[in-house]
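What follows is a short report on a single structure.
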Amino acid sequence: MNKLLSILIIILLSFVGNFAIAGDDGKLKINGKKSNNGYEEVGDCFEKINRGVFAFNQGLDKVIFKPLARGYRMFPQPIRSGTSNALSNLGNVVTVPNNVLQGQFKDAGVNSARFVINSTLGIAGIFDVASYYGLKKRDKEDYGQTLGVWGAGPGCYFVLPVLGPTTVRDSLGSVVNLIGGDAWYNVTVVNDTQYFSEADYYSSRLLSGIDFRAKNLESFDSLENNSVDLYASVRSLYLQDRYRKIRNIDKTTETLSDDDWEELDTQ
Amino acid sequence: MKFIKYLIIFLYLFNLNNILFAKDPSALINEIVDEAASILSSEDPVESKIIKLNAIAERSVDINGISMYTLGKYRKSISDEQKAKYQKLFRSYFLKSFSSRLVDYTNPKIDVVSQKKINDKYTIVNSILEATSKRPKVKIDWRIYTKNPDRPLIRDLIVEGLSLARTQKEEFNSIIQNNDGDINALFKTLEEFLIK
Chain A
64 MNKLLSILII ILLSFVGNFA IAGDDGKLKI NGKKSNNGYE EVGDCFEKIN RGVFAFNQGL
124 DKVIFKPLAR GYRMFPQPIR SGTSNALSNL GNVVTVPNNV LQGQFKDAGV NSARFVINST
184 LGIAGIFDVA SYYGLKKRDK EDYGQTLGVW GAGPGCYFVL PVLGPTTVRD SLGSVVNLIG
244 GDAWYNVTVV NDTQYFSEAD YYSSRLLSGI DFRAKNLESF DSLENNSVDL YASVRSLYLQ
304 DRYRKIRNID KTTETLSDDD WEELDTQ
Chain B
60 MKFIKYLIIF LYLFNLNNIL FAKDPSALIN EIVDEAASIL SSEDPVESKI IKLNAIAERS
120 VDINGISMYT LGKYRKSISD EQKAKYQKLF RSYFLKSFSS RLVDYTNPKI DVVSQKKIND
180 KYTIVNSILE ATSKRPKVKI DWRIYTKNPD RPLIRDLIVE GLSLARTQKE EFNSIIQNND
240 GDINALFKTL EEFLIK
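Chains as they are written, first to last, in our numbering: chain A, 64 to 330; chain B, 60 to 255.
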């Protein structure tokens with residue numbers, strides 16, 4: 064198993080290094096810092112395959128995830144909020160080490176305190192008690208973002224079956240979760256503890272997906288109905304979102320550097 | 060001397076007039092949000108709502124500017140004839156897509172929070188779409204084109220940091236690129252969308 068993971072990491076690392084700007088197939092631009100007009104180029108290296116996987120995922124969504132999300136929506140709001148809070152609280156075990164790795168020590172402190180308070184007083188994170196004590200929720204961080212902060216390029220964009228859009232850098236970040244970077248994965252899947260089982264991990268992941276889907280039912284429907292190339296729209300939204308998260312940009316004005324707007328005069 | 064005096068008075072009044080009638084970008088957003096909310100919460104039939112919403116868009120959105128933006132690098136290589144055809148198609152596409160996105164909302168509550176002038180041409184207005192039982196609150200920012208301060212126009216909506224215009228541009232560029240740079244492929248796609 065470890066050998067397989069090592070091989071996978073080496074392959075992925077070689078992708079990050081060599082394909083930060085890949086071939087001409089489906090190359091697209093996103094907001095970035097590398098080129099002359101404030102853009103960074105991300106290659107969609109295997110666009111035909113990606114489109115196939117995307118269509119497969121759409122099918123899965125229609126048959127499984129969307130109906131599950133609709134069912135989940137029927138639960139009363141307090142139950143959904145509690146579930147969402149508990150899942151978000153669990154996410155802190157990945158966010159805190161990434162805060163530290165990115166040098167965000169204050170955020171690491173706040174998130175750690177939030178985790179302790181919400182896991183205990185907040186009953187396994189169901190209630191966000193920490194917010195009442197002035198410890199407001201911070202943005203999530205993951206290993207893909209940390210690699211980006213450290214200067215790693217996104218590599219090729221691709222679509223994974225079930226898991227959806229990603230880049231080589233972000234996939235590599237996800238692999239770190241599986242090799243010790245996610246304490247929740249460690250206590251459920253890796254280590255044989257008497258308190259948790261593998262099923263706890265996988266059900267929490269599934270529930271996270273359903274919770275996210277339920278919060279975005281209307282937005283996804285609207286995107287689907289009004290898009291003339293849904294695959295390209297989702298790719299654009301994913302890359303914009305990652306760009307913003309990696310640079311920890313909160314202010315809109317910082318995300319909008321786009322020379323195309325400056326060139327256009329209609330008045 | 061008398062002429063100069065009149066000229067100074069004229070220029071002063073002209074400037075005052077500009078100051079008095081220049082429209083604040085936040086006021087524009089508040090105005091259209093209120094108008095749209097009243098249309099959406101009314102008992103009017105859907106068709107009537109769509110017509111009224113489209114009238115708001117025609118008046119307050121720079122549809123031609125967005126159409127050129129969404130063409131990206133291809134706007135520099137198309138003929139005037141193709142440009143005219145594209146702008147016409149884009150206008151219809153935009154209005155259809157705009158109204159169908161909005162018509163599902165019954166009474167959206169948007170609060171304008173702040174605004175920031177980023178240069179002479181643009182001001183960003185920050186607002187919040189209040190949470191409902193179905194979804195959390197959503198941060199919406201508006202890129203307002205203010206080159207003519209008397210008539211500010213919306214050029215982009217940035218939802219939770221994601222630009223709708225940029226997404227549209229990358230979508231259209233993908234279609235053209237996957238058809239060997241042929242803009243007619245985009246025209247065909249838009250025409251198909253319009254008759255859907």
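The C-beta atom is built at its ideal place from N, Cα and C for all residues, glycine as well.
Could you give the C-beta distance for residue i and residue j, rounded to a whole number, given that I count them as a contact under 8 Å?
| i | j | result |
| --- | --- | --- |
| A171(A) | I180(A) | 15 Å between Cβ atoms; not a contact. |
| Y133(B) | I235(B) | 6 Å |
| S331(A) | E230(B) | Limits of chain A in this structure are 64 at one end and 330 at the other, which puts residue 331(A) out of reach. |
| I137(B) | I242(B) | 6 Å |
| D274(A) | L150(A) | 6 Å |
| Y248(B) | V291(A) | In the sequence under discussion, the amino acid at residue 248(B) is Thr, which differs from the Tyr named in the question. About 5 Å separates the two Cβ atoms, so the contact holds. |
| N148(A) | F190(A) | 7 Å |
Determine the closest residue to residue i out of the options, with distance taken between C-alpha atoms.
| i | options | result |
| --- | --- | --- |
| L131(A) | L269(A), K308(A), S282(A) and S296(A) | L269(A) |
| E251(B) | N289(A), Y220(A), P139(A) and A187(A) | N289(A) |
| T182(B) | S138(B), D103(B), K155(B) and R214(B) | R214(B) |
| V120(B) | P84(B), A143(B), A96(B) and I177(B) | P84(B) |
| L198(A) | F221(A), V212(A), N174(A) and Y220(A) | N174(A) |
| R276(A) | V105(A), G166(A), Y265(A) and K129(A) | K129(A) |
| I122(B) | K135(B), L99(B) and S156(B) | S156(B) |
| I91(B) | I235(B), I234(B), K206(B) and W201(B) | W201(B) |
| Q167(A) | D328(A), D107(A), D323(A) and I309(A) | I309(A) |
| D323(A) | A95(B), A114(B), K147(B) and Y128(B) | Y128(B) |
| S100(B) | I137(B), Y145(B), K144(B) and V162(B) | V162(B) |
| R329(A) | A244(B), Y204(B) and S158(B) | Sequence check: residue 329(A) is Thr here, not Arg. The residue with the shortest Cα to Cα distance from T329(A) is Y204(B). |
| S192(B) | Y294(A), N311(A), Y264(A) and M137(A) | M137(A) |
| N178(B) | L253(B), S138(B), P195(B) and P208(B) | P208(B) |
| S158(B) | K147(B), A114(B), K196(B) and A190(B) | A114(B) |
| I254(B) | L148(B), A86(B), K142(B) and P211(B) | L148(B) |
| L286(A) | D205(A), Q121(A) and G207(A) | Q121(A) |
| G272(A) | T146(A), V239(A) and L164(A) | T146(A) |
| Y264(A) | K111(A), W247(A), E204(A) and R114(A) | W247(A) |
| K196(B) | G115(A), L293(A), D292(A) and S282(A) | S282(A) |
| G207(A) | N279(A), V291(A), P160(A) and S182(A) | P160(A) |
| K111(B) | R150(B), K142(B) and L154(B) | L154(B) |
| A116(B) | T226(B), Q146(B) and L212(B) | L212(B) |
| Q227(B) | K82(B), Y152(B), V184(B) and E102(B) | Y152(B) |
| G216(A) | K200(A), E204(A), G236(A) and G188(A) | G236(A) |
| D202(A) | G214(A), E326(A) and I312(A) | I312(A) |
| S186(B) | A143(B), K180(B), R194(B) and K198(B) | K198(B) |
| R118(B) | Q141(B), K135(B), I88(B) and D139(B) | I88(B) |
For the alpha helix (DSSP H) that contains residue i, what are its first and last residues?
| i | result |
| --- | --- |
| L161(B) | D139 to L161 |
| Y133(B) | Looking at the DSSP string, Y133(B) is not in any alpha helix (DSSP H), and its letter there is neither H nor E. |
| G236(A) | V231 to V239 |
| V253(A) | Unbroken run through V253(A): none, as it is neither H nor E. |
| L223(B) | L223 to Q236 |
| F119(A) | E110 to L123 |
| Y206(A) | Y206 to V212 |
| K111(B) | V105 to S119 |
| K198(B) | Not the alpha helix (DSSP H): K198(B) falls in the beta strand (DSSP E), residues V197 to Y204. |
| D93(B) | P84 to L99 |
| L249(B) | I242 to I254 |
Quick check on the DSSP output: the beta strand (DSSP E) that includes residue i runs from which residue to which?
| i | result |
| --- | --- |
| L198(A) | Where L198(A) is concerned, there is no enclosing beta strand (DSSP E), given that its DSSP letter is neither H nor E. |
| T182(B) | Y181 to L188 |
| L327(A) | Counting along the chain, L327(A) falls outside any beta strand (DSSP E), and DSSP gives it neither H nor E. |
| L38(B) | The question about residue 38(B) has no answer here: the residues shown for chain B are numbered 60 through 255. |
| F221(A) | Y220 to L223 |
| I169(B) | I169 to K176 |
Using a cut-off of 7 Å between C-beta atoms, extract the partners of residue i located in chain C.
| i | result |
| --- | --- |
| L221(B) | Chain labels in this structure do not include chain C; the protein chains are A and B. |
Extract the residue ranges of the beta strand (DSSP E) inside the stretch 269 to 324 of chain A, only unbroken runs of 3 or more that lie entirely within it. none
Below 8 Å, how does it come out for the stretch 152 to 166 of chain A and the stretch 174 to 189 of chain A: are there three or more Cβ pairs, yes or no?
yes
Query raised in the report: Counting only runs that start and end within the stretch 134 to 196 of chain A, where is the alpha helix (DSSP H) found for 4 or more residues in a row?
Result: 140 to 164, 168 to 183 and 192 to 195
Note to self: Under 8 Å, with one C-beta from each stretch per pair, do the stretch 286 to 305 of chain A and the stretch 213 to 227 of chain B reach the 3-pair mark?
What the structure shows: yes
Does the stretch 135 to 149 of chain A come close enough to the stretch 256 to 263 of chain A that 3 or more CB-CB pairs lie under 8 Å? no
Notebook entry, point to check: Does the stretch 94 to 105 of chain B touch the stretch 163 to 178 of chain B, meaning 3 or more C-beta pairs lie closer than 8 Å?
Noted result: yes
- Message: Quick check: the stretch 104 to 114 of chain A against the stretch 219 to 234 of chain A, are at least 3 beta-carbon pairs closer than 8 Å?
- Response: yes
> For the stretch 113 to 127 of chain A against the stretch 229 to 243 of chain A, are there 3 or more C-beta pairs whose distance is under 8 Å?
Replying inline: no
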